[in-house]
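Colleague:
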Amino acid sequence: MLVLSRKKNESIVINNDIKIVVVEIRGDKVRLGVEAPREVPVHRREVYDAIQRAAQSDDAPIES
């Protein structure tokens with residue numbers, strides 16, 4: 153895993169078209185802004201995990 157240090161209003165760029173900006177730092181929380189093409193899905197990890205679980209359950213064979 154690549155670990156980068158950023159301050160408020162600093163950013164990183166991924167693959168030339170995704171920009172992640174540190175919007176706010178308050179205590180132990182960091183607010184991030186994400187600029188990405190509309191066709192690139194961006195989710196919090198817990199939302200992504202729920203989507204993956206739902207997709208797996210949709211693929212599960214139905215037993216009678």
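Residue numbering for the sequence shown follows this note's numbering, starting at 153 and increasing by one per position.
Glycine is no exception: its CB is placed at the ideal position from the N, C-alpha and C atoms.
Treat the numbers as computed from the prediction; the structure is a model and nothing was measured.
To the nearest angstrom, how far is the alpha carbon of residue 172 from that of residue 162?
Modeller: Distance between the alpha carbons of residue 172 and residue 162 is about 9 Å.
Colleague: Spell out the partners DSSP gives residue 176 in its beta bridges.
Modeller: 183.
Colleague: Assuming residue 188 and residue 182 make a contact with CB atoms under 8 Å, what is their CB distance in whole Å?
Modeller: That belief does not hold up - the Cβ atoms of residue 188 and residue 182 are roughly 18 Å apart, past 8 Å.
Colleague: Distance, Cα to Cα, residue 192 vs residue 184?
Modeller: Rounded to whole angstroms, residue 192 to residue 184 spans 16 Å at the Cα level.
Colleague: Taking the straight line between their C-alpha atoms, what separation do you get for residue 168 and residue 210?
Modeller: So the two alpha carbons sit approximately 34 Å from each other.
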